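As C-alpha cells, the structure follows; a few thoughts come after it.
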Amino acid sequence: MADMADWCADAERAGGVVVLSLDHLSLPLPLPAALDWARLLASGTARGGFMPSLV
Numbered sequence: 711m712a713d714m715a716d717w718c719a720d721a722e723r724a725g726g727v728v729v730l731s732l733d734h735l736s737l738p739l740p741l742p743a744a745l746d747w748a749r750l751l752a753s754g755t756a757r758g759g760f761m762p763s764l765v
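Converting from the sequence shown to the working numbering requires adding 710 to each position, the first position being numbered 1.
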C-alpha cells in the first residue's frame with residue numbers, strides 16, 4: 711500500500727492521475743463506503759497506469 715501511495719503522489723506531482731481497472735467480479739456489490747484496496751490490488755485482475763490530467 712505504501713508503494714501505491716508513492717505512485718499516486720508521483721502521478722499528482724506530474725500533473726496526472728492513476729487509473730485503475732478492475733474486473734467486475736472483484737468488486738463487492740453494493741460498493742462499501744471503504745474499499746479493501748489491498749485485496750483488490752492483489753486480486754490478479756487489477757490493471758493500472760498513468761494518465762495526464764485533463765483539467
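Every residue gets a Cβ at the ideal spot worked out from N, C-alpha and C, and that includes glycine.
Note that the coordinates shown come from a computational prediction; the quantities given were computed from them, not determined experimentally.
Comparing C-alpha distances from Leu732 to each of Ser763, Pro762, Ser753 and Val765 shows the shortest one belongs to Ser753.
The DSSP-derived three-state label of Ser731 is strand.
In the DSSP assignment, the residues bridged to Met761 are Val727. Burial of Ala721 is indicated by the presence of at least 16 other C-beta atoms within 10 angstroms of its C-beta.
Straight-line spacing of the CA atoms in Gly725 and Pro762 works out to 6 Å.
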